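Residue numbers (this note's numbering), protein chains in the order written: chain Z, 19 to 270; chain G, 19 to 270.
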């Protein structure tokens with residue numbers, strides 16, 4: 019195997035509503051799947067409050083550490099929407115009213131409806147490139163390696179789909195999943211041995227409790243298809259050796 | 019209002035499956051709601067990979083910063099379950115086989131079924147206090163201000179419910195929510211003015227797009243009931259002044 023460049027990312031979820039339990043975040047899993055398909059490895063995610071110091075602190079840590087950062091939330095018109103100014107401060111850049119964003123909002127709202135609060139949605143750090151919002155028009159933006167996206171899932175998804183061609187990734191991660199009713203405590207030893215022989219793959223073991231009974235899902239990930247198939251076949255053989263009946267599953 | 023002690027917490031979600039998008043985390047919102055009821059403010063959450071350095075780095079940051087930390091995931095019997103040893107290393111403590119945990123496992127498994135992999139689930143940092151698992155027996159543990167819980171939601175919830183009386187909190191956050199079809203861009207100015215007058219409360223504005231139409235939910239949180247009621251009434255009046263019909267909503 020040749021050494022290849024691994025592209026990495028973090029997600030920064032901004033919003034008190036996720037930390038209060040009011041809202042169950044739905045953006046992380048969408049971004050995780052999309053990044054994986056783009057050959058970008060999501061290394062960590064953080065949820066922070068609508069608090070300038072918290073946003074700046076977290077953003078500056080992750081943008082230095084990973085190739086890409088995707089933020090969600092806090093770009094609406096109300097007082098608790100402070101993502102744009104916080105991102106500008108994190109970069110040490112001036113916050114400007116982006117002329118193209120103003121034009122988008124002018125085209126969207128009826129004359130007289132584009133008030134000062136709504137115009138705030140055109141604020142970006144100086145030098146930002148807009149991210150299109152086909153749903154409700156108010157754009158996101160990209161500054162450096164940071165993509166600032168909406169929090170409403172429908173809008174966030176449309177924004178992310180629109181920027182995929184700006185993202186550079188490595189070979190996409192491939193995955194296989196095998197499920198059986200063998201408990202993970204019995205699989206553990208053999209599975210650890212397979213993982214040791216396939217250090218280039220990532221093998222995860224996930225117990226489940228379903229109405230139909232309990233068992234274990236084993237998920238294998240890697241970029242080399244032949245290695246992945248070989249390891250998956252060893253996992254199936256391990257399950258059979260323990261009296262189980264391995265079933266292939268959608269890896270998800 | 020007298021100045022009161024605010025109790026804070028962070029949640030650390032450990033698991034590649036959440037970052038690959040395979041699993042949608044369900045633990046954060048459960049913990050968020052439970053902590054809020056206990057008068058503890060959830061300040062941030064992080065999702066990290068099954069990677070020792072990542073777990074240690076994140077844990078040492080958040081345990082120094084907040085009163086409590088709750089970790090989920092990575093305490094099973096397989097090779098990818100590395101939370102206990104990572105937590106021990108983060109604290110600079112020896113990893114021991116906890117005798118009470120061994121007894122719990124011995125009582126749970128049939129003779130001969132308690133193999134070395136399963137015994138690993140009895141490992142804790144030296145000095146840890148066990149957290150009971152009424153579902154599948156293998157316990158979590160508490161060390162210092164860190165509670166190490168399971169990743170499977172059913173088990174995590176039972177563990178958390180069992181430790182609530184170990185947690186010291188301040189006055190519980192109260193909340194009110196008012197919903198209307200007035201867009202947040204029209205509410206923004208007046209809402210910002212209300213927030214400025216009620217700096218002790220936290221007022222959030224959340225647009226929604228539902229099958230029945232779109233609108234805005236306004237959520238107010240704070241510990242002083244009279245202030246909360248007064249601010250909520252001002253929000254209702256603001257909505258009416260803009261031609262809307264404010265409806266009370268479950269704040270969630």
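Cβ atoms here follow ideal geometry from the backbone N, Cα and C, with glycine treated the same way.
The structure displayed is predicted, hence computed values, not measured ones.
- Within 9 Å of the CB of residue 42 of chain G, the CB atoms of chain Z belong to 42, 43, 44, 46, 47, in sequence order along the chain.
- For residue 238 of chain G, no Cβ of chain Z is located within less than 7 Å of the residue's own Cβ.
- Interface flag for residue 141 of chain Z against chain G is unset, since no Cβ pair is found closer than 7 Å.
- Residue 92 of chain Z: not part of any alpha helix (DSSP H); DSSP gives it neither H nor E.
- Beta-carbon to beta-carbon, residue 196 of chain Z and residue 253 of chain Z are separated by about 5 Å, close enough to satisfy the 8 Å threshold.
- Secondary structure of residue 184 of chain G (DSSP, three-state): helix.
- Assignment of residue 153 of chain G by DSSP, reduced to helix, strand and coil, places it in the coil class.
- Among the residues of chain Z, none has a CB under 7 Å from the CB of residue 165 of chain G; the nearest is roughly 17 Å distant.
- For residue 227 of chain Z, DSSP records a beta bridge to Z:232.
- Looking at the backbone, the Cα of residue 218 of chain Z and that of residue 81 of chain G are separated by about 32 Å.
- Those residues of the stretch 24–40 of chain Z placed with their C-beta closer than 9 Å to a C-beta in chain G are 29, 31, 33, 34, 35, 36, 37, 38, 39, 40, ordered along the chain.
- In the DSSP assignment, residue 160 of chain Z falls within the beta strand (DSSP E) that extends over 158–161.
- Residue-level contact by beta carbon holds for residue 202 of chain Z and chain G, with a gap shorter than 7 Å.
- The C-beta of residue 213 of chain G comes closer than 7 Å to at least one C-beta of chain Z.
- Close partners of residue 60 of chain G in chain Z (Cβ separation under 7 Å): 37.
- Counting along the chain, residue 114 of chain Z sits inside the beta strand (DSSP E) bounded by residues 113–115.
- Annotated as proximal: residue 210 of chain Z and residue 97 of chain G, with beta-carbon spacing under 7 Å.
- Rounded to whole angstroms, the separation of the alpha carbons of residue 164 of chain Z and residue 264 of chain G is 38 Å.
- Look at the stretch 21–56 of chain G and you find these whole runs of alpha helix (DSSP H), each 4 residues long or longer: 34–37, 45–55.
- If you draw a straight line from the Cα of residue 139 of chain G to the Cα of residue 106 of chain G, it comes to about 14 Å.
- The alpha helix (DSSP H) runs of length 4 or more contained entirely in the stretch 97–143 of chain Z are, from start to end of the chain, 101–109, 117–126, 134–137.
- Residue 98 of chain G belongs to the set of residues whose beta carbon lies under 7 Å from a beta carbon in chain Z.
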